[in-house]
Amino acid sequence: MKMLINGPEHVVSDALRGMAAAHPDLTVDVENRVVVRRDAPVPRKVGLVSGGGSGHEPLHGGFVGRGMLDAACPGEVFTSPVPDQMARAAAAVNSGQGVLFVVKNYTGDVLNFDMAAELAEDEGLQVAKVLVHDDVAVIDSSFTAGRRGTGGTLFVEKLAGALAEEGAPLDRVTAVARQVSESCRSFGVALSACTTPAKGGPTFDLPADELELGIGIHGEPGRERRAMMSSREIADAAVEALLADLQPDGPVLALVNGMGATPLLELYGFSAEVHRVLGERGIPVARTLVGNYVTSLDMAGCSVTLCQVDEELLRLWDAPVRTASLRWGC
Amino acid sequence: MKMLINGPEHVVSDALRGMAAAHPDLTVDVENRVVVRRDAPVPRKVGLVSGGGSGHEPLHGGFVGRGMLDAACPGEVFTSPVPDQMARAAAAVNSGQGVLFVVKNYTGDVLNFDMAAELAEDEGLQVAKVLVHDDVAVIDSSFTAGRRGTGGTLFVEKLAGALAEEGAPLDRVTAVARQVSESCRSFGVALSACTTPAKGGPTFDLPADELELGIGIHGEPGRERRAMMSSREIADAAVEALLADLQPDGPVLALVNGMGATPLLELYGFSAEVHRVLGERGIPVARTLVGNYVTSLDMAGCSVTLCQVDEELLRLWDAPVRTASLRWGC
Amino acid sequence: MPEMDARFFLRWLEAMTAAVDREASRLTELDSPIGDADHGSNMRRGFTAVAVSLTQTPPATPGEVLKEAGRTLVAKVGGASGPLYGTLLRSTGKALGDAERVDGPGLCAALRAGVDAVGQLGGAVPGDKTMLDALTPGVDALPESVEAAREAAAKGSEATIPLLARRGRASYLGERSIGHEDPGAASSALLFATLAEVAADVR
Amino acid sequence: MPEMDARFFLRWLEAMTAAVDREASRLTELDSPIGDADHGSNMRRGFTAVAVSLTQTPPATPGEVLKEAGRTLVAKVGGASGPLYGTLLRSTGKALGDAERVDGPGLCAALRAGVDAVGQLGGAVPGDKTMLDALTPGVDALPESVEAAREAAAKGSEATIPLLARRGRASYLGERSIGHEDPGAASSALLFATLAEVAADVR
Ligand SMILES: Nc1ncnc2c1ncn2[C@@H]1O[C@H](COP(=O)(O)OP(=O)(O)O)[C@@H](O)[C@H]1O
Ligand SMILES: Nc1ncnc2c1ncn2[C@@H]1O[C@H](COP(=O)(O)OP(=O)(O)O)[C@@H](O)[C@H]1O
Ligand SMILES: [Mg+2]
Ligand SMILES: [Mg+2]
Ligand SMILES: [Mg+2]
Ligand SMILES: [Mg+2]
């Protein structure tokens, strides 16, 4: 597989150089791999820090800015960042109100963020953590690593970010971030595997007439392989899987997310099917976001994330946000 | 090639149903394939209408809204829309100040928009047209169809749209649209062909170690096939091709555009290289947009568009825009 | 050629619809190396709509049949071929006037007018590697016989292979357009092939 | 095992760096069907950094060598393996204390402490299809001989093939994780293989 790169070892730093040049609102430490909003630390504001392996862009760097993250730490492709990155980020965004780490539930992310929290606490910072684990394809038990964190991360970062921007204290931002995390569920489908720069070829083989149901965002195979399905059938399967786990008794936010290589034309068509089946199930959709937001390099496919919201969360969703990849109201 | 669709014949209408459900700011006529901003016709405002074949999303439908297009007309995939669509769109957005058609320079688009202009003028509308023809890969002579319209379309739509939003009259909006069109140049590169729903397979064969230079946005092969190049080399080649045709004596806007399947991670890395070579050539970049904006379905690759700007155009670029896929300031 | 009535033209367009449907994937394949891989689906969508519209309310005169078909193509196809084929049939229909029946020379003259209109609209001339490279030799040979026209159009289409394209999308490719048959010329050859088919049936 | 000084541990980590470099693509391949295809590059990045740091300022005691290596892995690898391998080496190093030389039983006890720390940090137990499935049998056999430990660890890694994963990414796959060797177990087997290699050289 061909890539638009200078070599596997340069991918992450090259991308950071590109972000630095394109986004004057950001301070990008290419060497130490930390992306910080230019005006950090924002006085009297809780700092929001996230990060994870690269390859999911625009997550997380594209969500740094007013009303969302204060800093993001990109690791190597599909490899969680190292503790030093998050500790630096925490120091850079701390205004004295403490810092919240938004952590996707993967062994590596959890361990590295834990170590970072220790480092930051050693420096006298107050650190809280919220775990995102929204992927219903994974059985959540003490005999697995637990549900993966995928599309729900966007909702946690946006809603907690809006609240932090309003000046809410750390315990309240953390509580709302947890509420959002528990209110999100995701389900993903791959039509093709992705190609990591390090491996240079597809991470798994998927015949021309099959698809993978229940995939994550790291090029892992899913829970089940099936004969190729139509957009309508995929929407039915995805929403059914979501509603087996989340029974919203009110409106939801919907993220109809592309994995990277699926054209927006197809995503919108798929989104129409998601709306159809949610309508059939009587679930009102308050807001819909369609596009490539939490990706898996050049994988073809999609995921659906639903986030149950109340009035307050809906208000936070609509609040101004000013980042490279999510922006409205300012 | 697998697609996330219900069948080739449903692709465009399904996508329009999806847009309708996701974007309450838009009025989507799925049957007649016209996307109109909800508040059209905006009193005392020139109407901006564009359109073209589908498969380039978010262009054009994703650019309908305050400060950009008033309406967009999607054709079948890679097939320009029919005159009736643009005539309907013109009628829907006409506030009495006339309508400007933004037309990408393809035989089909030109002929169909011309016919639409006749239809609209028969109904008493004042119609002006601007042709976008920014692709330097095509020799512009009376013995070709002329340069293709590609990434420059985004700049024409944004800048003319901002001016129209301010209430400028048709002749002035048209003049600025033409100025922008003449100030834009683009160059594209494919790492893979795209797959159209109708054909179901790649539109051309590209070996694993080669790339196409000088491609358009319709899955056509380019001007030249070469051995695979690094991101740095591609940026050198693209900018060189651009500067052979456009010699900016001031700042430029840069669009570092993905063709559809190239990850944002790679696009940012490529953007860094574009900045590097522009810096070496002494050309200041006033603003940079990195992402999938003018795509070619699931093609892997990228294009670079430069648009020379003066103070006034830069002001128009920064003016508020509120569309599905380009948004700031509101 | 015997005198032709509206039914003859309806049958012609029916035959063309069937031919385009049959050949759609070949036309799209031809449009892949030097175009955007949609000519077959464009033609199929257009002529299917023509068949529907002509079946619903069959016009009474040859001129009306062709004008209605042309209008339908413009309204349903889009792309380059929509306006160009639409203009071909509309201009041919207009030239036929409102006669109930058309003779051979009348059809020759009208088709010539149609082909001229295509040249005018698209700015192409024979040799530019477009549909005109099948239409022009077809019309030129038509006074001799429909069979001769069929053959000439087919040959004209084949003869586009070594040409360098100067109009339409294929012109973007420059030298690389050489070595491929023009899809619009191929579909235009079908227009004469189906004309010959229907004329033979009538005889 | 003879007594081991700091140089011995430096050589062990050098050998491990070389082994990981040599086996990187195999480890990444193992991480493809049941993981995210980065274990080889993670290990290579980490041990290359270890080699650099230990060459620049070689610590004076066995304990310091391993602690410095562990710190480097934590600082450079990321992912699950960074903290886990980092903890393994740091905890082993801590258990060695600041002695200049270590004997066989001392190394056995210290490595046991390191492996226990891995279990504590990651919450896995043998049989969960993780690196512990090579580390645990390796440490268990070490009192017998380094050769026995090498063999036991290699067997332990192979024995992960039929297991259903209960920790790490492979656990997402449920039943589909069966039939593949765990990449972390495979790299852990290399740790004992290189230990045996270096011990044989010294003897
Ligand atoms: N300017 C022109 N004059 C005559 N025929 C043209 C011209 N441009 C294109 N064509 C014809 O149209 C054909 C392509 O039609 P089609 O693929 O349906 O439209 P598009 O090029 O818009 O995709 C070409 O093969 C060529 O024969
Ligand atoms: N909880 C755990 N306890 C012990 N080892 C684990 C645990 N989770 C993962 N591992 C080990 O880590 C290996 C994967 O390492 P690596 O691929 O480098 O990290 P990542 O899984 O973050 O991509 C697995 O093969 C497994 O041996
Ligand atoms: Mg990883
Ligand atoms: Mg076309
Ligand atoms: Mg075509
Ligand atoms: Mg891994």
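Protein chains in written order, with this note's numbering: chain A, 1 to 330; chain B, 1001 to 1330; chain C, 2001 to 2203; chain D, 3001 to 3203.
A virtual CB, placed ideally from N, CA and C, is assigned to each residue, including glycine.
No experiment lies behind these values; they were computed from the predicted model shown.
Near ligand 1: B:T1079 beta-carbon under 7 Å from a heavy atom: Taking the first residue of the second sequence as 1, we reach residue 1079 of chain B at position 79. Yes; taking the cut-off as 7 Å, the Cβ of B:T1079 has a heavy atom of ligand 1 nearer than that.
Cross-chain neighbours of B:D1205 in chain A, by beta carbon under 8 Å: In the second sequence, counting from the first residue as 1, residue 1205 of chain B sits at position 205. Here the premise fails: no neighbours, minimum Cβ distance about 14 Å.
C:A2006 versus C:A2024, C:L2054, C:F2047 and C:R2026, residue with shortest Cα-Cα distance: Translated into the one-based positions of the third sequence, residue 2006 of chain C becomes position 6. In this structure, C:L2054 is the residue among C:A2024, C:L2054, C:F2047 and C:R2026 with its C-alpha nearest to the C-alpha of C:A2006.
Per-residue DSSP class, three states only, for B:G1108: One-based indexing of the second sequence puts residue 1108 of chain B at position 108. In the three-state reduction of the DSSP assignment, B:G1108 falls in the helix class.
Cβ shell of C:A2019 (< 7 Å), same chain only, five flanking positions each side left out: On the third sequence, residue 2019 of chain C is found 19 positions in, with the first residue counted as 1. Sequence-distant Cβ neighbours of C:A2019 in its own chain, meaning closer than 7 Å and more than five residues away, are L2190, A2193 and T2194.
Those residues, in chain order, that have a beta-carbon closer than 5 Å to some heavy atom of ligand 5: The filter returns C:D2031, C:G2035, C:D2036, C:D2038 and C:H2039, in chain order.
CA nearest to the CA of A:R148, picked from D:D3031, D:R3112, D:L3173 and D:P3033: Taking the first residue of the first sequence as 1, we reach residue 148 of chain A at position 148. Looking at D:D3031, D:R3112, D:L3173 and D:P3033, the one whose alpha-carbon comes closest to that of A:R148 is D:L3173.
Partner residues on chain B for C:G2174, Cβ-Cβ distance less than 7 Å: By one-based count along the third sequence, residue 2174 of chain C stands at place 174. In chain order, I1139 and R1223 make up the part of chain B whose C-beta sits under 7 Å from the C-beta of C:G2174.
Cβ-Cβ distance between A:L131 and A:L59 below 8 Å: In the first sequence, counting from the first residue as 1, residue 131 of chain A sits at position 131. In the first sequence, counting from the first residue as 1, residue 59 of chain A sits at position 59. It is not a contact, given that the beta carbons lie outside the stated cut-off.
Cβ shell of D:L3164 (< 8 Å), same chain only, five flanking positions each side left out: Translated into positions along the fourth sequence, residue 3164 of chain D becomes position 164. Taking C-beta separations shorter than 8 Å and ignoring five residues to either side along the sequence, the partners of D:L3164 in its chain run K3129, G3174, E3175, S3177 and I3178, following chain order.
Chain D contacts made by the stretch 242–264 of chain A, where a contact means CB separation under 8 Å: Within the stretch 242–264 of chain A, not one residue has a Cβ closer than 8 Å to any Cβ of chain D.
beta-carbon A:G75 near ligand 4 non-hydrogen atom, thresh 7 Å: Locating residue 75 of chain A in the first sequence gives position 75, where the first residue counts as 1. Annotation for A:G75 indicates a beta carbon at 7 Å or more from all heavy atoms of ligand 4.
D:M3016 to B:S1325 span [Cα, whole Å]: Here residue 3016 of chain D refers to the residue found at position 16 when the fourth sequence is read from its first residue. Here residue 1325 of chain B refers to the residue found at position 325 when the second sequence is read from its first residue. The straight-line gap separating the alpha-carbon atoms of D:M3016 and B:S1325 is approximately 50 Å.
6 Å CB neighbourhood of C:A2095 in its chain, flanking five on each side removed: Here the question's residue 2095 of chain C lines up with position 95 in the third sequence. In chain order, A2110 and A2113 place their CB closer than 6 Å to the CB of C:A2095, counting only its own chain and leaving out the 5 sequence neighbours on each side.
Cβ-heavy atom distance, A:G151 to ligand 7, below 7 Å: The model on display carries ligand 1, ligand 2, ligand 3, ligand 4, ligand 5 and ligand 6 but not ligand 7.
is_contact[D:T2942, chain A] using C-beta, thresh 8 Å: Since the first residue of chain D shown is 3001 and the last is 3203, residue 2942 of chain D is not available in this structure.
Nearest to B:L1255 (by Cα), restricted to the options B:D1070, B:F1143 and B:K1158: Position 255 of the second sequence, counting from 1, holds the residue named residue 1255 of chain B. Closest option to B:L1255, judged by alpha-carbon separation, among B:D1070, B:F1143 and B:K1158: B:K1158.
At least three beta-carbon pairs within less than 8 Å, the stretch 106–117 of chain A to the stretch 3082–3098 of chain D: The stretch 106–117 of chain A and the stretch 3082–3098 of chain D touch, with no fewer than 3 CB-CB distances between them shorter than 8 Å.
C-beta atoms of B:M1299 and B:A1261 nearer than 8 Å: As a first step, residue 1299 of chain B must be located in the second sequence, where it is residue number 299. As a first step, residue 1261 of chain B must be located in the second sequence, where it is residue number 261. Going by beta carbons, B:M1299 and B:A1261 fall inside the 8 Å limit.
Neighbour-count burial assignment, B:S1141, 16 or more Cβ in a 10 Å radius: The sequence position of residue 1141 of chain B within the second sequence is 141, counting from 1. If you draw a 10 Å sphere on the C-beta of B:S1141, you find fewer than 16 other C-beta atoms in it, and that means exposed.
Three-state class that DSSP yields for A:C73 in the structure shown: If you number the first sequence from 1, residue 73 of chain A lands on position 73. Three-state result, A:C73: strand.
Simplified DSSP assignment, three categories, for B:D1298: The residue you call residue 1298 of chain B lines up with position 298 of the second sequence. Three-state DSSP puts B:D1298 in coil, outside helix and strand.
Near ligand 4: B:G1053 beta-carbon under 7 Å from a heavy atom: Position 53 of the second sequence, counting from 1, holds the residue named residue 1053 of chain B. Because some heavy atom of ligand 4 lies under 7 Å away, the Cβ of B:G1053 counts as near it: yes.
heavy atom of ligand 3 below 7 Å from D:G3168 C-beta: Counting from 1 along the fourth sequence, the entry for residue 3168 of chain D is found at position 168. Because no heavy atom of ligand 3 lies under 7 Å away, the Cβ of D:G3168 does not count as near it: no.
Sub-8 Å separation of B:S1271 and A:G18 beta-carbons: Position 271 of the second sequence, counted from the start, is the residue given in the question as residue 1271 of chain B. Position 18 of the first sequence, counted from the start, is the residue given in the question as residue 18 of chain A. Going by C-beta atoms, B:S1271 is nearer than 8 Å to A:G18.
Opposing strand residues paired with A:V189 [DSSP bridges]: The residue you call residue 189 of chain A lines up with position 189 of the first sequence. DSSP, once it has assigned bridges, lists A:L213 and A:C302 as partnering A:V189.
For B:K1129, three-class secondary structure by DSSP: Residue numbering aside, residue 1129 of chain B sits at position 129 when the second sequence is read from its first letter. Looking at B:K1129 - three-state DSSP - the assignment turns out to be strand.
Supposed contact pair B:G1065 and B:R1322 - C-beta distance, whole angstroms, cut 8 Å: By one-based count along the second sequence, residue 1322 of chain B stands at place 322. By one-based count along the second sequence, residue 1065 of chain B stands at place 65. Contact flag correct, Cβ pair sits at about 5 Å.
Which of helix, strand or coil DSSP assigns to B:L1059: In the second sequence, the residue the question calls residue 1059 of chain B occupies position 59. Three-state result, B:L1059: coil.
Neighbourhood of B:L1243 by C-beta, 7 Å cutoff - its chain only, sequence neighbours within 5 removed: For the purposes of this step, residue 1243 of chain B is taken as the residue at position 243 of the second sequence. Excluding residues up to 5 positions away in sequence, R1281 lie with their Cβ nearer than 7 Å to the Cβ of B:L1243 in the same chain.
Sequence-distant residues of its chain with Cβ nearer than 7 Å to C:T2092 (five each side left out): If you number the third sequence from 1, residue 2092 of chain C lands on position 92. The residues are L2066, A2110, L2111, A2113 and G2114.
Beta-carbon spacing of A:V294, A:T203 below 8 Å: The count along the first sequence starts at 1 and reaches residue 294 of chain A at position 294. The count along the first sequence starts at 1 and reaches residue 203 of chain A at position 203. No, these two residues do not count as a Cβ contact at 8 Å.
For B:M1086 and B:G1124, believed in contact at Cβ under 8 Å, the rounded distance: Mapped onto the second sequence, residue 1124 of chain B falls at position 124. Mapped onto the second sequence, residue 1086 of chain B falls at position 86. The beta carbons of B:G1124 and B:M1086 sit about 16 Å from each other, so the pair does not count as a contact at 8 Å.
Close beta carbons around D:D3038, own chain, < 7 Å, minus the five adjacent residues each side: Counting from one through the fourth sequence, the residue named residue 3038 of chain D turns up at place 38. Cβ neighbours of D:D3038 beyond the five flanking positions: T3028, D3031 and G3079.
Short Cβ contact (8 Å threshold) for C:G2035 with C:A2170: In the third sequence, the residue the question calls residue 2035 of chain C occupies position 35. In the third sequence, the residue the question calls residue 2170 of chain C occupies position 170. Against a cut-off of 8 Å, the Cβ pair of C:A2170 and C:G2035 comes out as a contact.
Cβ distance (whole Å) where B:L1246 is taken to contact B:R1178 below 8 Å: If you number the second sequence from 1, residue 1246 of chain B lands on position 246. If you number the second sequence from 1, residue 1178 of chain B lands on position 178. That pair is no contact at about 15 Å.
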